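Chemist: Have a look at the structure that comes next, please.
Residue numbers (my numbering), protein chains in the order written: chain A, -16 to 465; chain B, 140 to 384; chain C, 45 to 478.
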């Protein structure tokens, strides 16, 4: 591009800014947009930081209370259980994603995989169904509207007031004009993204990787560029301001309001997911085959019993050097967990295939693309939640089996069998509280940046494809601009 | 000055004052148009021509004075007035996605007037709109053709009064000639015509009388003598005085 | 009358020639149809799920009751399905059924430990929201109305036709009235016809259909008048539309968001986790404290069993269930405060939604369809009632060693029967109050 051309582009862009600064509509739209972005960044940051802090504390509390429990029968501690809290990712100050829609704590106990409880939405006002004051929502949904409001007339205005012919006759090419207008819109995008970028950089301080931060900003930059290009395309292609506006407003309604919901509805419809309750029946049926770990006399454990007797070369279970009930509990837990994990894994796969369907709509709507991209990069998508579920489950299995090990090794079978005879026997069937130090520290962290980038690759491609197609379309129109 | 029995006048403005957004546009304007007359209100940009026309159509309320059509106060008998007048807007933009015939049909239906296809064709014939254009979308029309369609519509409405807003601006000389002839023909069949224009020569060509409007006031009236035209030089001289006044 | 139809007929034919209006109306019809069809599908999936669950639930409970013979074990191993079936209007207003659970399986253990379990759908899909008829109506239709009506005057003004039209038309009603009416009726039909089809398929009762129609028409008229009025004197269509879309953003996003922030500041709710924690501590501590303490707390609520609390062994089921109940009692104040906070928030949200027509409509329609938070609260209360009946059923067998045989099991309370009784009571109350 020649020096001359570049300076022309800048002149056009400056001129566009002068027009905006003199137009009440453009000024107020920009002011409102900036105000919304800023306040959303501040409100959400404070919210998520509080949540993060609270959950860290709750996690520590839970670990402390567990350790502080008195002497008990070890299996009682299995039922006493423990909690795992999902601490939010550093970047979630900009996109809380599904945080409010999934429970963020899980009660971990023996023989059961509980679901996450207390999703914030349930205790909410139901007022934020259409949109919430998160930077993600504001930039994904409202910022495009803002670009439309200030940009719809960028080229069509020149045409309507017949300055277009004048400009073109003076040797400014159609493409130069469009590039100039595009540059002006790009500067507005920069303005919108500035608060986001600052907040994102602050999250570096909380241990977020620079790659993720840059990818996040880049993603939103690409997304808003798609909208700037759409605005330019319609403004150049249609001859009247009003036509350009109506068309853009309609496109916005379709892409930003309708498509995301069509995507999720289509996903839920095309990949039906059995609820947890329903899979529980299947689990129960499976488990019945395994035997009840509470009942050492369950015939399902006969084989294990025979093996044990043979291994220790004794005739009956009371002669075993280890606590038979503990062994049964441990073995039953292992098998049960295997079955539970299988079903949990199936459920997660179903959810993933649903999400896969809904994310494909990113090819049709840049809004769907940026929505996935944002949550994936931030680490507030379903994948991260699944990993939380898996890690919580690992934690559960680990501490339950550790307690079962205590049961096997530290409690004699005789005492255990007599535990309900009288108060003294109950007292005797306990192990020392020192044994409760089996908990590993649980500290949920967001996935590695590299993995998040890999997941979001498709969404990046979707946005890039939009950009390429729009640029081609605009260039074609720019050549024929009259 | 021409003296006429004012009670017979079809259109009459009497000491008309109109203000828009606290700005006084028409100041004490008085004129009248008689049946069968072609009256041209001549004036430069901002003289108050359009405001006069809009007041006649009932879009502005006079702050004092009156404007009547067939003796009825415009703002008190809007429906009557609108039934009596056919308005021809400056740009004469009808719906470009419809054909001339569809446009005419649409507007006639709005006015609750029923016309047969023959009658419509006759009107088109009268304004000399080419037969092959009548069923084409008006997107393809020239300005002259659009105006012919609008006049055909006005004729079909059978309103006795025509209010024309800058009818010749943007027309080529041939179209202007055709237009002038048409206007004279309409007047000869009894129509009363009030046109506002800034075209001195055009006005002198076609009008029986010319009122010269300056800054919302009538500063002069010129009438044609029997069987002759108004003297262009005289009107032009009066019109050009603006600079020196 | 004939004249009236003539005007409508003219404007109808006129509208058919305007491509962008036709595109807009077609899209409206498609989106509305999509929302209704997916709503019907969702509801039929919910019903099928319930059918399957009911069947499996019965089989499972019968198996448990066959396998175990003492009342304590039977109670321990018997799950009971509770559910809140979708109403016949739910297809149009899926409401909050994707956030609040509508099915639970509970047993006789402490309820506070069970009731917060949720069996909700994919969170990422829930976050995107579903497109149901109520969404199309409340959020989308205002935008469509704005697109249809904002340039009613402005487009005629900018193209210089306005004055000609007004001076030609016999009356302004014949022109703007008929033109507006045709657009309105067309949009209304494009929106509502799919709904009526869905209502017919799912056997929605007439009164609900009438009510939905009534509210829809009122709502659409509101937006139409607003759009027409806003654009009455304007000559720049985009400027009118910008203002109207601004109002829409204000109603749909800004006011609700501000309301949400305010309400969350005003209403303090205990952490849900604390309820479960309290309950769990109480239940677990029971093993370590004297049995009498537990029993005393239990008979404070259920004095009828005070002569039957003596224990012969270190473990007896009656004590086990007594401390489960005491656990619930300990957590009860917290749990009540939690629910009260939710109710309070719902009420305050009602006030906030008075300032936001889209939310008001959503609220009214989801109430009508019984798919809102109130329905979820009611369902939760039903579960609590049922849990109580279940306990009251088992207590005699646990405390007085009565035999729990097949004849007795047959009289075990069922959730379905309970809700039917409650419904009947509610109806008779309405009857007597009339």
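The C-beta atom is built at its ideal place from N, Cα and C for all residues, glycine as well.
A quick note: this is a predicted structure, and the numbers were derived from the prediction, not measured.
List the residues that DSSP assigns as beta-bridge partners of residue 466 of chain A.
Modeler: Absent from the model: residue 466 of chain A. The displayed extent of chain A is -16 to 465, so no value can be given.
Chemist: Under the three-state reduction of DSSP, which class applies to residue 339 of chain C: helix, strand or coil?
Modeler: helix
Chemist: Can you list, in chain order, the residues of its chain with a C-beta nearer than 6 Å to that of residue 311 of chain C? Leave out the 5 residues immediately preceding and following it.
Modeler: 385, 388, 389
Chemist: Looking at C-alpha atoms only, which residue of A:4, A:302, A:62, A:335 is the closest neighbour of residue 324 of chain C?
Modeler: A:62
Chemist: Identify the contact partners of residue 209 of chain C in chain B, using a Cβ-Cβ distance below 9 Å as the criterion.
Modeler: 246, 249
Chemist: For residue 418 of chain C, I'd like the list of residues in its chain whose CB is within less than 8 Å of its CB, leaving aside the five on either flank, ordered along the chain.
Modeler: 390, 411
Chemist: Are the C-beta of residue 218 of chain B and some C-beta of chain C separated by less than 8 Å?
Modeler: yes
Chemist: State the DSSP-derived secondary structure class of residue -6 of chain A, mapped to helix, strand or coil.
Modeler: helix
Chemist: Can you list, in chain order, the residues of its chain with a C-beta nearer than 7 Å to that of residue 378 of chain A? Leave out the 5 residues immediately preceding and following it.
Modeler: 67, 91, 423, 425
Chemist: Assign residue 301 of chain C to buried or exposed, taking buried as 16 or more other Cβ atoms, counted over all protein chains shown, within 10 Å of its Cβ.
Modeler: buried
Chemist: To the nearest angstrom, how far is it from the Cα of residue 212 of chain B to the Cα of residue 218 of chain B?
Modeler: Approximately 11 Å, taken between the alpha carbons.
Chemist: Under the rule that 16 or more other beta-carbon atoms within 10 Å means buried, what is residue 145 of chain B, buried or exposed?
Modeler: At residue 145 of chain B, the pLDDT of 47 sits below 50, so the modelled position is not reliable and the matter cannot be decided from this model.
Chemist: Anyone know if the C-beta pair for residue 415 of chain C and residue 134 of chain C falls short of 8 Å?
Modeler: A Cβ-Cβ contact shorter than 8 Å links residue 415 of chain C with residue 134 of chain C.
Chemist: Going by DSSP, what residue range makes up the alpha helix (DSSP H) through residue 234 of chain B?
Modeler: Note, residue 234 of chain B: premise wrong, no alpha helix (DSSP H); not H, not E.
Chemist: Compare the C-beta of residue 237 of chain B against all C-beta atoms of chain C and say whether one is closer than 8 Å.
Modeler: yes
Chemist: Where does residue 144 of chain C fall in DSSP's three states?
Modeler: Coil at residue 144 of chain C, not helix or strand.
Chemist: Do residue 125 of chain C and residue 459 of chain C have their CB atoms nearer than 8 Å?
Modeler: yes
Chemist: Can you list, in chain order, the residues of the region 101 to 121 of chain A whose Cβ is nearer than 8 Å to any Cβ on chain C?
Modeler: 101, 102, 104, 105, 106, 107, 108, 109, 110, 111, 112, 113, 114, 115, 116
Chemist: Give every residue of the same chain whose Cβ lies closer than 7 Å to the Cβ of residue 160 of chain C, excluding the five residues on either side of it in the sequence, and list them in chain order.
Modeler: 316, 320
Chemist: Short check: CB of residue 108 of chain A to CB of residue 395 of chain C, under 8 Å?
Modeler: no
Chemist: Going by the DSSP bridge assignment, what does residue 38 of chain A pair with across the sheet?
Modeler: According to DSSP, which records beta bridges pairwise, residue 38 of chain A is partnered with nothing at all.
Chemist: Can you pull the DSSP bridge partners for residue 331 of chain B?
Modeler: B:300
Chemist: Kindly list, in the order they appear in chain B, the residues whose Cβ is closer than 8 Å to that of residue 224 of chain C.
Modeler: None at all; the shortest Cβ gap to chain B is about 14 Å.
Chemist: With 8 Å as the threshold, decide whether the Cβ of residue 280 of chain B is near any Cβ in chain C.
Modeler: no
Chemist: Residue 199 of chain C to residue 161 of chain B, Cα distance in whole Å?
Modeler: Straight-line measurement puts the Cα of residue 161 of chain B at about 27 Å from the Cα of residue 199 of chain C.
Chemist: Cα-Cα, which of C:355, C:297, C:353, C:108 is closest to residue 509 of chain C?
Modeler: In the structure displayed, chain C extends from 45 to 478; residue 509 of chain C sits before or after that span and is not available.
Chemist: On the three-state DSSP scale, how would you describe residue 447 of chain C?
Modeler: Residue 447 of chain C: coil per DSSP, three-state reduction.
Chemist: Report yes or no: is there a C-beta of chain C within less than 8 Å of the C-beta of residue 331 of chain B?
Modeler: Judged by the 8 Å Cβ criterion, residue 331 of chain B is not in contact with chain C.
Chemist: Quick one: any contact between the region 94 to 104 of chain C and the region 219 to 234 of chain C, if contact means 3 or more CB pairs under 8 Å?
Modeler: no
Chemist: Can you have a look at residue 387 of chain A and say buried or exposed, based on whether 16 or more other CB atoms are within 10 angstroms of its CB?
Modeler: Residue 387 of chain A is buried by the Cβ-count criterion.
Chemist: Round the Cβ separation of residue 375 of chain C and residue 322 of chain C to the nearest angstrom and send it over; I've been treating them as touching at under 8 Å.
Modeler: At roughly 5 Å, the Cβ-Cβ gap stays under 8 Å, so residue 375 of chain C and residue 322 of chain C are in contact.
Chemist: List, in chain order, every chain A residue whose beta-carbon is nearer than 8 Å to that of residue 389 of chain C.
Modeler: 106, 107, 108
Chemist: What runs of the alpha helix (DSSP H), each 4 residues or longer, lie entirely inside the region 190 to 233 of chain B?
Modeler: 217 to 223
Chemist: Check the Cβ-Cβ distances between residue 196 of chain B and every residue of chain C, and say whether any is below 8 Å.
Modeler: yes
Chemist: Check whether the Cβ atoms of residue 177 of chain C and residue 137 of chain C sit closer than 8 Å, and answer yes or no.
Modeler: yes
Chemist: What does residue 191 of chain C touch in chain A if you count any residue whose Cβ is under 9 Å from its own?
Modeler: 229, 232, 233, 236
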